[in-house]
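Novice: Chains as they are written, first to last, in the working numbering: chain Y, -13 to 257; chain L, -13 to 257.
Protein chains: 2
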Amino acid sequence: MTQWFFILADSELELIPKEIVNERSILNNARARGKAPEKLLLDASHHHPAFARLPDSERRGRPDIVHFFLMLCIDSDLSLEGKLHAFVHTRNNDVIAVKPETRLPPHYPRFVGLIESLYEQRVVPSRENALLELRNEVPLEVLVKALKPDEVLVLTPAELQTPLLEIFAPLKDVERVVVIIGGFSKGDFRSDLSKFKHTKVSLGPRLQKVWTVTYKLFSAIQYAGKAPEAKVKDAGKAPEAKVKDAGKTPEEKVKATKPSKPRRAPKKKEE
Amino acid sequence: MTQWFFILADSELELIPKEIVNERSILNNARARGKAPEKLLLDASHHHPAFARLPDSERRGRPDIVHFFLMLCIDSDLSLEGKLHAFVHTRNNDVIAVKPETRLPPHYPRFVGLIESLYEQRVVPSRENALLELRNEVPLEVLVKALKPDEVLVLTPAELQTPLLEIFAPLKDVERVVVIIGGFSKGDFRSDLSKFKHTKVSLGPRLQKVWTVTYKLFSAIQYAGKAPEAKVKDAGKAPEAKVKDAGKTPEEKVKATKPSKPRRAPKKKEE
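#1: V128(Y) to D50(Y), Cα distance in whole Å?
#2: Suppose you measure from the CA of S11(Y) to the CA of G20(L); what does that come to, to the nearest Å?
#3: Applying the criterion that 16 or more other CB atoms from any shown protein chain within 10 Å of the CB defines a buried residue, is V160(Y) buried or exposed?
#4: Per DSSP, what kind of secondary structure is F175(Y) in: helix, strand or coil?
#5: Would you please verify whether the beta carbon of K247(L) is less than 8 Å from any beta carbon of chain Y?
#6: From K134(L) to T(-12)(L), what does the alpha carbon distance come to, in whole angstroms?
#7: Work out the CA separation of H93(Y) and L141(Y) for me, nearest whole Å.
#8: Do the CB positions of D61(Y) and Q194(L) come within less than 8 Å of each other?
#9: Grab me the residues of A232(Y)'s own chain with a C-beta within less than 8 Å of its C-beta, minus the 5 sequence neighbours each way, in chain order.
#10: Can you tell me which of E152(L), A83(L) and F182(L) puts its alpha carbon nearest to the alpha carbon of V138(L)?
#11: Against chain Y, does P92(L) count as a neighbour if the rule is that its beta carbon must be under 8 Å from one of theirs?
#12: Please list, in chain order, all residues of the same chain as L83(Y) whose beta carbon is under 6 Å from its beta carbon, the five residues on each side excluded.
#13: Please compile the residues from chain Y whose C-beta is within a distance smaller than 9 Å of the C-beta of Q194(L).
#14: May I have a chain-ordered list of the alpha helix (DSSP H) segments no shorter than 4 residues that lie completely inside the segment 108 to 144 of chain L?
#15: Say whether the segment -3 to 11 of chain Y touches the segment 26 to 43 of chain Y, bearing in mind that this needs 3 or more beta-carbon pairs closer than 8 Å, one atom from each stretch.
#16: In the structure shown, what three-state DSSP assignment does T185(L) receive?
#17: Distance, Cα to Cα, V109(Y) vs F55(Y)?
#18: Mind checking D(-4)(L): buried by the 16 CB within 10 Å criterion, or exposed?
#19: Taking 6 Å as the limit between beta carbons, can you name the residues of its chain near N78(L), skipping five residues before and five after?
#20: Identify the residues that DSSP records as bridge partners of Q(-11)(L): which are they?
#21: Thinking just about the alpha-carbon of each residue, which of P91(L), P86(L) and T76(L) is nearest to the one in S65(L)?
#22: I need the straight-line Cα distance from Q147(L) to L189(L), nearest angstrom please.
#23: Note down, in chain order, each residue of its chain lying with its Cβ closer than 8 Å to the Cβ of M57(Y), except the 5 sequence neighbours on either side.
#24: Mind listing the chain Y neighbours of A155(L)? Cutoff is C-beta to C-beta under 8 Å, in chain order.
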C-alpha cells in the first residue's frame, strides 16, 4: 500500500517579519485582533500597505494557499484511507506536519488563528494530541530525505504535459512517494531541488492554482489505481496505440491486462 | 462541445436575517467592519452567538463553501476552455451567475466583501461588465429550466457509488449538462428536486465536502473525455471483465476500442 507524502514547498506562510512590525497597517491589524504584531501571520490582503519594504513582496503572505491545500488534503479519499500525509514547508524552512485525522477550520480567519497558535505553542491542540506540529530550520531536502521516499515527484509547469496515468500507474507498487507542490502564486521554487533525486511532473504550460494541481494529482492517483495498468497507460493516447498488442492471442491479451502480482492494497470503495 | 452548468444549490449564503440583526455579536462585527449589520453576509464563525434564534442554525452562514466552490471552478480547465458556467443558488432562492472569465479574491474576507457589494449593487464590478450578477426569487427548478439542459445530474450521497466514467463518457456528445451540488454541510436539499427530471449521481455513502465533490466531477469529465468509451466503461471493473472480449480476433479487438459512431444519447435516467 503506497504511502503518499504531499509537501507544499516554499509556501508563503510566515509571521510578520521584524522589518515591518511597526508599520501602521500591521499595528492597526494587531490592535483589532488583540494580538502582538509579531505573533500575527503575514497576510498580503491585510498588510499590503507594509509590503513595499519587503523583498519578494509580490509573492509573500499567502496563508490562504496553505489553507486551500490542507482542506483538500484532509477530505480526500487518500487521507481517509490513511494513505496521505500532508506537510507544509515554508519560505523560512519551517515545517508543519499534519496528522491525517486532523480536522481544520474551513473558515479562513479561524485557520489563521490556529496557525498563529501553532507558532506560539509548537504543537496544537496539545503535546499529547499533536495534530499539527511545527519544526524550524528544516530545509526541503532534509524533510524529503527524512521521509525515506522510494520516489519523489516535483510539480512544475512545462510546455509538455506529463501523461499522469503513465507516471502514477506503476507507483501503486511503490511504498513511499513524496509529491512536492510549490506553495506560492508567483515565481519559482526557492529551495534547491538539485539536492535530491526527483522526477519532474508537469500539468502543462499554464501556472495552475495550488488547489487545481492538488486535486489533479489526487484524481490521477485514483484513476491510475483503478484500471489495470496496461489499459491505463493508453488512456491519454489515441486508440491506435493499442495495435502494439495486436500480435498476442486473446488469452495473452487477457493476461496482460491483469496485474502481474497480487496487490494487497485495499483499493476502493469505488462502485 | 458540451457546455457544463454547475449549480451550487441551496447554498448557505445570505445577508444577516432581520430576526437577529440586533444581536450583540452582529452589531460588534458590523461596527468593526464599518458596515450596516443588515448588509453583512451571515457567517457561522463570526456570528455564532446569535445563531440560537435562527431555525436551521446548524447549517446556515457558510459563505466559505461558496468561496471554495467558485475558486475551484474558475481555475478549472473546463472554465478556461469556456465550457463551464458556475451558478450559486441560495437558501433564499437568490442566484448568482458567474462569468467564466471572472477572477475572484482567494482571500476569504475579501470574497465576503465582494459578495456584500453584489447584494448592494446587483452586479459587480459594473453593469457594463457584469462578471457577477445577482437575481432574486429564482427557485432551483426555474434556474434549471432556464438553462435548457439536455441532461441534469444531481449529486447526492448513497450507499452505492455511481460509476462516474460510465455516466460522463456519453455526455461528451450532449450539448448542455446541468450538474447540481448541494451547497451545504449538513442535511439535505431544501429545493424540491422532483420538479425537474434528473439523474442521481453518488460518490458513495460518505458526505464529502463540496470541494471534494466538485473536483471529482471535473476529473470524471476529464478522464471520461479522454479515453475511448469502450475502454472507459471498463475502468472501474475488475480485470476479469475483459474476458468477454476474449473470443475476438486482435483486429476486432482494436476496432472495438474505437468509438463506433457518433453518440448523442445520454443514457439512463434515475438509477
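Just so it is clear, CB atoms sit at the ideal spot from N, CA and C, and this is done for glycine as well.
Nothing here was measured: the structure is a model prediction, and the numbers come from that model.
Specialist: Walking through what the data contain:
#1: If you draw a straight line from the Cα of V128(Y) to the Cα of D50(Y), it comes to about 25 Å.
#2: Distance between the alpha carbons of S11(Y) and G20(L) is about 17 Å.
#3: Exposed is the call here.
#4: Note: F175(Y) maps to coil in three-state DSSP.
#5: Residue confidence for K247(L) is low, a pLDDT of 34 falling below 50, so the modelled location carries little weight and cannot support an answer.
#6: The straight-line gap from Cα to Cα measures roughly 13 Å.
#7: For the pair L141(Y) and H93(Y), the Cα-to-Cα distance works out to about 28 Å.
#8: Taking 8 Å as the cut-off, the beta carbon of D61(Y) is found closer than this to the beta carbon of Q194(L).
#9: Here A232(Y) scores only 36 on pLDDT, less than 50, and its place in the model should not be relied on; the value that follows carries that caveat. A distance below 8 Å between beta-carbons, with the five flanking residues on each side excluded, links A232(Y) to no residue of its chain.
#10: Of E152(L), A83(L) and F182(L), the smallest CA-CA separation from V138(L) is found for F182(L).
#11: Any Cβ of chain Y closer than 8 Å to the Cβ of P92(L) would place that residue at the interface, and such an atom is present.
#12: Note on residue identity: the sequence assigns Ala, not Leu, to residue 83(Y). For A83(Y), where only same-chain residues beyond five positions count, the Cβ hits under 6 Å are F73 and E119.
#13: Neighbours of Q194(L) in chain Y, taken as residues at a C-beta separation under 9 Å, are given in chain order as D61 and D63.
#14: 126 to 132, all fully within the segment 108 to 144 of chain L.
#15: With the cut-off at 8 Å, the segment -3 to 11 of chain Y and the segment 26 to 43 of chain Y touch.
#16: In the three-state reduction of the DSSP assignment, T185(L) falls in the strand class.
#17: If you take the alpha carbons of V109(Y) and F55(Y), they lie about 20 Å apart.
#18: That one is buried.
#19: E0, listed in sequence order.
#20: Q(-11)(L) is bridged to R162(L).
#21: Ranking the options by Cα distance to S65(L), first place goes to P86(L).
#22: For Q147(L) and L189(L), the distance between alpha carbons rounds to 5 Å.
#23: Answer for M57(Y): L90 and P92, listed in chain order.
#24: Neighbours of A155(L) in chain Y, taken as residues whose beta carbon is under 8 Å from its own, are absent, since the nearest beta carbon is some 12 Å off.
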